[in-house]
Structure formats: C-alpha cells, structure tokens
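Enquirer:
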C-alpha cells in the first residue's frame, strides 16, 4: 500500500515545468488592468505605470491608447512615444487602427494596447485586438492592456442578464487566465457615478444616457462583485498551480472547498444533498468524486455511483471518476490537487467479521489529520431494508467463476499426469501459475476463488491420503497456508496490474479518439464530409446509433443518419433553437428514444447530434460525458469553419463581380462623357438662335435628355470611384440653405412642371459636410422625385434640428413603393418602367450619407408618395469672431 504522506516531487512534473519555463522565457509578458466598468481608471493607471517605467529607462511605446476626449487621460499620454495608427478603408469610411506590423518592427520592451476586447476593422490581419496582442507576445514583446469584466467570454451571459444588453466584443477566458499579471482597478459605485456626473467617463449627452441605462448603482454593484470574484478565482488557480509545481502536499485553507466521496451506496443521495446545503452555506466550491477500483464493487454499485454523480451535477458540483486501487489514497490525492480543506464521506457500518479492517475515514484521519472530515450516516427510509449488493461486478462474471473452477480441475489433471516427472513443489508452482492467469484474465474475485480452489485441489488430489481432505503430515498445513497466502497476494497484484492496464487503455482510447476525430475533421472541406466523419467516429467510439440534424438557409434542421436512426425533426428543431439537450436522459421530451444534443460552436449552435446508445447509462459516467462533449466541440468548430469558408468564398465572388462591373461601367462612362458634353454644348449654342416651333422644342428635348444622361454617367463614375477608393470627404462648415438652393438650381428644368416647396428652419446651424457630395445627394433625391411623380404634383424639401442631429427630408406624391433593397446598386422601385435610369442614384446617396456618419430612411407617406429622411450629426459650429 502506498504511503499517504509521500512528499517526494514527481520527476516528470519537474522536467515538464523546466521545459515550460524555458518556453515562457522566450514569450512576452501580458499585464491586464482589469476593472468592473468603464471609467474606474484602468487606462490612467496603465499610463501612470508606463510613465514610471519610461522614467526608469525602459523602452515604452504607446501602441494604441483611447482617450475618448478626456483631458486627464491625454495629459498622461504626453511624454510617451506614440505609434502612428494605420489607415484602413472600409465601406467608404477612412478608419484608423492599431498598426501591428509597425509595432513588431519597432519591437519595444513594453507596448501599450488599450481596450483588449476591441474588434479590428474588417480586412485587418486579425479580427480581434486580443489576437494582435497574442502575436506581440509571441514576438517577445511585453504588452500592457485594459479589460472590463463584461468582456470576458464566460461571464457574457451573466452580464447580459444584469445590464439587459448583449455585449458583442468578448475575450476568451484563457487570455485572462494566462496573463502574467492582472492589476485590479476598483472604484466604489458612488465614486464612479460622481465621475460620470463630472464628465470624466463620457462627454456630453452620452453621460446622461449612460446614467439612465448602464450606470445604475445596482448594475455597478453586481459588476463589481463579478470582477472581484473572477480575480479571486484566478488567484486561487495560481495558488493551486504553484502548489502543484512546488509539490506542496499540505493544505492551505485559503478558500473553502469541499470534496465529497461517494461509493455507490444506498445513502449517497442523502450525502450529496447534505453536501449541497453545506456548500451553499459556506459559499464554497464542491467536488463529488467516485473512486473506481478493482475491488469487486459490483455493477449495481457502480451504476448507483454514476447516478449520484449526475445528481451532484444538477446541484452545481464538479464531478469526476478517479481510478485507483486505494480509495483513501485517491481521495487524499484529489484533496491535495484541488486544495480541498473539507472531506465529506458516508458512514458504512463495519461488518463484525472484518474487525481488523480500517474504514476509509479512519485511514485518512490517521495519515492526514489536516483534512477536516464530515461523516454522514447513511440513512434509509423507515421500514425499507437495504438491498443486498451482489459482489459480481459484471453480468458475465458468474461464467468467469465457472471457468476458474474448470481451470483448477484441468490444472489438477495435468499435474496428475506429470506427477511421475514433477515432485509436489513443482505441482504447487503449477497451481500458482493458474491463479496468476485467472487473476489476469478475470480479475480479483475469480483470482481469490482460484487461490482457495487450488489449495483444496492440491490437498484432495496430491497430499496423502489422496482423495480426502484429511492430512497425515502436519507440515502440509504450513504449505497450505503459504500456498494460499502467495496465491492471494499474487492474484491481488495481478488484478491491480490488470485494472491499471484497463484504466490506461481507456485513457488512451479517449485520447486516440479525439486525435483521430480532430485529424479527420481538419481534412474535411464540406459539410457532407464532416457529417460522414462524425457519423463514423461517434458510432464507433460510443457504440451507438448516430444521426445529425443540420440547418438549412432558413434555419430549419433536417436529420441525416447513416444506419437508419429515426430522427424527430421537431425535437431536433427545439434543441437547435434553444441550445439545450432534449430527448432521453434529459428533462425535455424524455420519452424520445434518442438523445438530442446541441452542437455549440464559439459563435452559435451549428447543428444537433442524435445518439441512441446501446448502454443508455453510459453517459452517467463523467469521463464518458466529457469525452462526448470534447468530440461534440470538435464537430461544432469544424461545421463553423466550413460555414465561414463558404461565406468568405461567396463574398469573394460577389466582390470580384462587383469590381468587374464597376470597371466596365467606368470605362463605358468615360467613353460616353465626351460626346455628351459636346452634344449639350451644341444644344445650348443652337437654342438661342432657334425660332419658336418644332426645331426649338427638338433642341430643348435634346438638351434635357443629354443633361439627364450626363447626371447618370456622373453617378456611374462616382459609384466606381467609391468602390475603388472610398469616400474622401472635404468637410467644411456650410449653410444648408445654400446647398439646397444650389441643388434646386441644377434641376431647374426637370422640376419646372412640379410645385417645389421648401421648409427650412430659420434657426438651422452650420453643418460640417462635404458640400459638393451633400448637393449630389439632394440632386439625386429631387431628380428621383421628378421622374416618378406626375406633373403638377408637389415636392417638398424640409430641414430642422432634432437634438444632436440635423434632419433633412425630401417628400413627393409619387407611387410610394419602397422595396426592401431600394438602396442597393442597380435596384429600381419599378423593374419595368418607361422612366430612364439604372438604379444607382439612391445607392450613391446612401453611401455618401453614411460616410458623413448619418443615416437615410425611405418610408411611404400616409397619403401616398415617398418620404426620404436623412439624419446627419449636427456638431458644434465654430465661434464667429466679432469686430
């Protein structure tokens, strides 16, 4: 029996730790300034520390620091070298982003990268800023960054429930856990609310909106507790890693942690319920374990233990099945690994004939008194006797005892034939060999039976007087005792070796299954190939009938099975929609034959796995369940990977088609521009000299149509330029009345047959816009209204200020039809129409408005016609100098 107080470190663990430290020395160190909310002072604390390091001579580079217009933050940034930001063009917006390549080329000792959860501009090397940080760390650069608790992936749903807002930008927990240092920046809620009122968190009206929604005291208290708890969890994990690396066996009761051992007894359910109440009262983490040893515990006891572990998981406990021959040693090792300072066990009455046997609790108390033990009596319902446990561990073990008996009889027959050659000492060795083989093949129970049967056969067949259990020579009693003792010990050691070999084989099977699944899924390029790999792998590993239900474009799931497994699409659809398991073994639609499990990928549910197990209780085993969850995670990630590959390919094809179309249109437009200009000039020259009559009307029609065609070509060229280079704004402060007037003058002729009304607020402020582009917006909207409204109808242009925005409206009394994709290129309100046009005007309008940070909406009027509403940011006009 191994000693319970062995303090020697594991040589393999020491070697692995040395190798890990060598790899970590080549990697940069990550420091995270962590807080509960914006405004607690994370960025200021990071900048103050950076200034101190720079003062000590360290090479500090401010890679990207967001001041959000706060003067105190900007002042702390002075004196630090700042990295120029990279320019990115996205949907006609000129955006700035952290320049990763420049930071790698500069290679400072410390780089400041604010807002770790930030999403990069599409087209960047990495979609997330934390991935930029990972690359910097891999290059050996230390990184300092900031993070709020709501951006941690594991806490995202909790934060959403608290604040009622889904936080889209998240950081995986492993980034936080692997950080070299986490500095908690804490601020009481009252102080944070005061900072918000003082304008030190958000500026202007944004502060008022934040105080009404996010920055409520209850929210701040809850987020503060989450941040402190998450930090405490990280410190606890660091302490346990340190204890493991330093081979510290003594317990450090820095935090309450409860370990519960279940043995598959009838009272284990009561034990778990008592442990759940105690853990809730102590606010402690708790772990429920079952030690699966080769002690002939029985199939019923094993199934009871698995059901108890499933019950413990419902109560919120972590569960595990521990391999080990010595239950006490396995429990002590688990307590040391998890730094559990309390151990809860059930009390089993000692059988009278086993008066020498120490209980698990007694052995732990004797060898490891530092662990506080709580022993709960196994109580049964009144009048209900305990079920007598059969000692056979598996249904086929009775046959094993029969084979053991036959093996002993066969050994006796062989020994009888060889008795003329062998003496009795060799016969004894032959029986011992039989005991070893039986124990190796069938386990401990049949091995003990073989040992006792071998002694009886040796006495009956080979010791004088033969064919009788009587013994004439008393020395044989010593031989019998020695033979029985050696057989029992040998059988026990052989059974232990067999148990450890099976445990290692099961562990190897799980690792091999995961590796094979990962390899096959990585080679799969289509959903069909992934389905084939999944059906084959899950069927072989879990000995089950397997099916997959995958979504179509409308998110309706349809089942696929390789072996004819019936799949209920309604249950699969419920599982897919809710992301929760259903079917057999769950609390939802448990009458179904199959178990329906959602395939959860990082972004969303990607399908449903359907399992019909041959041994349905198999999933009660935590190890089997964790293997299934790991395989499902691999499958879900593979499905998501293929989905994004398909999306990327479709987007690439669409972009290339758009690029080719714009290139063709630009080339044609350039070729048409010169003759149109000549035609318009000739018409304008001839009109003053033409006498009234048909010729004058013809020249006027030529001039109007050529002008209309010229505007169409200008739209084509502008759209091509926007697609190629994006919108480059020349923002200046302008009067909106002048821009509207200029647009109306350009369309004097098309609007001549309509009643045009203007309703511009007299108190309109100056607007910071590109006047030529906003004029183009109005020209296109007014031209659109002139084309699609009957002569004599009204067209209205209105402008007013609404809070922080300027609202510009163009209304008409035309057909009023607004398709959903009206602002898409080459889309027209009426597909078949006599009105000239190719559907580019409104698409160009939308791009220009969005480039100004505004938005445009098209809504049918109550009495017909269309209402186009443009909302632009008002800004703060410069102060006018007075003389």
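In the working numbering, the protein residues as written are 177 to 1059.
C-beta: ideal position from N, C-alpha, C; glycine also.
So residue 949 packs on residue 909, CB below 8 Å; how close in whole Å?
Expert: Here residue 949 is taken as the residue at index 773 of the chain shown, counted from 1. Here residue 909 is taken as the residue at index 733 of the chain shown, counted from 1. About 15 Å separates the two Cβ atoms, so there is no contact after all.
Enquirer: At which residue ranges does the region 723-758 contain complete alpha helix (DSSP H) runs of 4 or more residues, listed in the order of the chain?
Expert: 745-754
Enquirer: If you follow the alpha helix (DSSP H) that residue 457 is in, where does it begin and where does it stop?
Expert: Walking along the chain shown from the start, residue 457 turns up at place 281. Going by DSSP, residue 457 is part of the alpha helix (DSSP H) stretching over 444-458.
Enquirer: Going by other Cβ atoms of all chains shown within 10 Å of its Cβ, with 16 needed for buried, is residue 1041 buried or exposed?
Expert: Sequence index remark: in the chain shown, residue 1041 carries index 865 (1-based). Per the 10 Å Cβ criterion, buried.
Enquirer: From the DSSP output, read off the bridge partner residues of residue 1042.
Expert: Taking the first residue of the chain shown as position 1, residue 1042 is located at position 866. For residue 1042, which the question treats as bridged, DSSP gives the partners 1036.
Enquirer: Taking its Cβ as the centre, do 16 or more other Cβ atoms sit within 10 Å of residue 808, making it buried, or is it exposed?
Expert: Along the chain shown, one-based indexing puts residue 808 at 632. It counts as buried.
Enquirer: When the distance is taken between beta carbons, is residue 440 closer than 8 Å to residue 477?
Expert: The residue labelled residue 477 in the question sits at position 301 within the chain shown. The residue labelled residue 440 in the question sits at position 264 within the chain shown. Yes, the Cβ-Cβ distance between residue 477 and residue 440 is below 8 Å.
Enquirer: How about residue 1024 and residue 916: do their beta carbons lie closer than 8 Å?
Expert: In the chain shown, counting from the first residue as 1, residue 1024 sits at position 848. In the chain shown, counting from the first residue as 1, residue 916 sits at position 740. Cβ atoms of residue 1024 and residue 916: not closer than 8 Å.
Enquirer: Count the other CB atoms within 10 Å of the CB of residue 350; is the residue buried (16 or more) or exposed (fewer)?
Expert: Walking along the chain shown from the start, residue 350 turns up at place 174. Exposed is the call here.
Enquirer: Should residue 1061 go down as buried or exposed, given a rule of 16 or more other Cβ atoms within 10 Å for buried?
Expert: This structure leaves residue 1061 out entirely; the chain is present only between 177 and 1059.
Enquirer: Check whether the region 607-621 touches the region 639-658, counting contact only when three or more Cβ pairs, one atom from each stretch, lie closer than 8 Å.
Expert: no
Enquirer: Kindly list the residues whose CB is nearer than 6 Å to the CB of residue 210, restricted to its own chain and excluding five residues on each side of it in sequence; keep chain order.
Expert: Counting from one through the chain shown, the residue named residue 210 turns up at place 34. Only 323, 358 and 360 meet the Cβ criterion.
Enquirer: Classify residue 886 as helix, strand or coil using the three-state DSSP reduction.
Expert: One-based indexing of the chain shown puts residue 886 at position 710. In this structure, residue 886 counts as helix in the three-state DSSP scheme.
Enquirer: So is residue 520 buried or exposed if we call it buried at 16+ other beta carbons inside 10 Å?
Expert: Reading the chain shown from its first residue, position 344 is the one you call residue 520. Buried.
Enquirer: Please check the pair residue 327 and residue 300, which I expect to be a contact at CB under 8 Å, by giving their CB distance rounded to whole angstroms.
Expert: As a working mapping, residue 327 is identified with position 151 in the chain shown. As a working mapping, residue 300 is identified with position 124 in the chain shown. Contact flag wrong, Cβ pair sits at about 19 Å.
Enquirer: Cα-Cα, which of 722, 293 and 935 is closest to residue 983?
Expert: Within the chain shown, numbered from 1, the residue matching residue 983 stands at position 807. The shortest Cα separation from residue 983 among 722, 293 and 935 belongs to 935.
Enquirer: Between residue 549 and residue 540, which are expected to be in contact by the criterion C-beta below 8 Å, what is the C-beta distance as a whole number of angstroms?
Expert: The residue given as residue 549 occupies position 373 in the chain shown. The residue given as residue 540 occupies position 364 in the chain shown. Residue 549 to residue 540, Cβ: 7 Å. Contact.
Enquirer: Check for me: the alpha helix (DSSP H) holding residue 913 runs from which residue to which?
Expert: In the chain shown, residue 913 corresponds to position 737, counting from 1. Where residue 913 is concerned, the enclosing alpha helix (DSSP H) stretches over 912-922.
Enquirer: Please report the distance separating the alpha-carbon of residue 605 from that of residue 482.
Expert: Counting from 1 along the chain shown, the entry for residue 605 is found at position 429. Counting from 1 along the chain shown, the entry for residue 482 is found at position 306. Residue 605 and residue 482: Cα-Cα distance of roughly 41 Å.
Enquirer: Which stretch, first to last residue, makes up the alpha helix (DSSP H) that contains residue 207?
Expert: The sequence position of residue 207 within the chain shown is 31, counting from 1. Note, residue 207: premise wrong, no alpha helix (DSSP H); beta strand (DSSP E) at 206-211.
Enquirer: Inspect the CB distances between the region 817-835 and the region 744-758 and report whether three or more fall short of 8 Å.
Expert: no
Enquirer: Exposed or buried, residue 752, counting other C-beta atoms within 10 Å across all chains shown (16 or more means buried)?
Expert: Counted from its first residue, the chain shown places residue 752 at position 576. It is buried - the Cβ of residue 752 has at least 16 other Cβ atoms within 10 Å.
Enquirer: Mapping DSSP to helix, strand and coil, what is residue 273?
Expert: For the purposes of this step, residue 273 is identified with residue 97 of the chain shown, where counting begins at 1. Here residue 273 sits in strand by DSSP.
Enquirer: Under three-state DSSP, which class holds residue 304?
Expert: As a working note, residue 304 is residue 128 in the chain shown. It is a strand residue.
Enquirer: Assign residue 318 to one of three DSSP states: helix, strand, or coil.
Expert: The sequence position of residue 318 within the chain shown is 142, counting from 1. Per DSSP, reduced to three states, the secondary structure at residue 318 is strand.
Enquirer: Can residue 852 and residue 882 be called in contact, C-beta distance under 8 Å?
Expert: Counted from its first residue, the chain shown places residue 852 at position 676. Counted from its first residue, the chain shown places residue 882 at position 706. Yes, Cβ-Cβ distance for residue 852 and residue 882 is below 8 Å.
Enquirer: Let me confirm a value: residue 907 is counted as buried when at least 16 other C-beta atoms fall within 10 Å, else exposed. Which label applies?
Expert: Reading the chain shown from its first residue, position 731 is the one you call residue 907. By the neighbour-count rule (16 or more Cβ atoms within 10 Å), residue 907 is not buried but exposed.
Enquirer: Since I believe residue 973 is in contact with residue 1048 (beta carbons under 8 Å), could you give me their beta-carbon distance rounded to a whole number of angstroms?
Expert: One-based indexing of the chain shown puts residue 1048 at position 872. One-based indexing of the chain shown puts residue 973 at position 797. Not confirmed; about 15 Å, so no contact.
Enquirer: Cutting at 7 Å between CB atoms, please list the residues of its own chain near residue 1034, excluding the five before and the five after it.
Expert: Locating residue 1034 in the chain shown gives position 858, counting from the first residue. Excluding sequence neighbours, residue 1034 sits near 994, 998, 1042 and 1044.
Enquirer: What is the rounded straight-line gap between the Cα of residue 355 and the Cα of residue 750?
Expert: The residue you call residue 355 lines up with position 179 of the chain shown. The residue you call residue 750 lines up with position 574 of the chain shown. It is roughly 39 Å from the alpha-carbon of residue 355 to the alpha-carbon of residue 750.
Enquirer: My understanding is that residue 413 touches residue 464, with C-beta atoms under 8 Å, so please give their C-beta distance in whole angstroms.
Expert: In the chain shown, residue 413 corresponds to position 237, counting from 1. In the chain shown, residue 464 corresponds to position 288, counting from 1. Rounded, the Cβ-Cβ distance is 20 Å, inconsistent with contact.
Enquirer: On the CB-based measure, 16 or more other CB atoms within 10 Å of its CB, does residue 930 come out buried or exposed?
Expert: The count along the chain shown starts at 1 and reaches residue 930 at position 754. Burial call: buried.
Enquirer: Quick check: what's the CA-CA separation for residue 760 versus residue 771?
Expert: Taking the first residue of the chain shown as position 1, residue 760 is located at position 584. Taking the first residue of the chain shown as position 1, residue 771 is located at position 595. Roughly 5 Å separates the two Cα atoms.
Enquirer: Output the boundary residues of the alpha helix (DSSP H) element that contains residue 523.
Expert: Your numbering for residue 523 matches position 347 in the chain shown. Here residue 523 belongs to no alpha helix (DSSP H); instead the beta strand (DSSP E) covers 518-523.
Enquirer: Put residue 780 into one of helix, strand or coil per three-state DSSP.
Expert: Counting from 1 along the chain shown, the entry for residue 780 is found at position 604. Here residue 780 sits in coil by DSSP.
Enquirer: Tell me whether residue 557 sits in a helix, a strand or coil according to DSSP, three-state version.
Expert: Here residue 557 refers to the residue found at position 381 when the chain shown is read from its first residue. Summary for residue 557: the model assigns pLDDT 40, below 50, so the residue's position carries little reliability; its value from the coordinates is reported in the next sentence. Assigned with DSSP and collapsed to three states, residue 557 falls in coil, not helix or strand.
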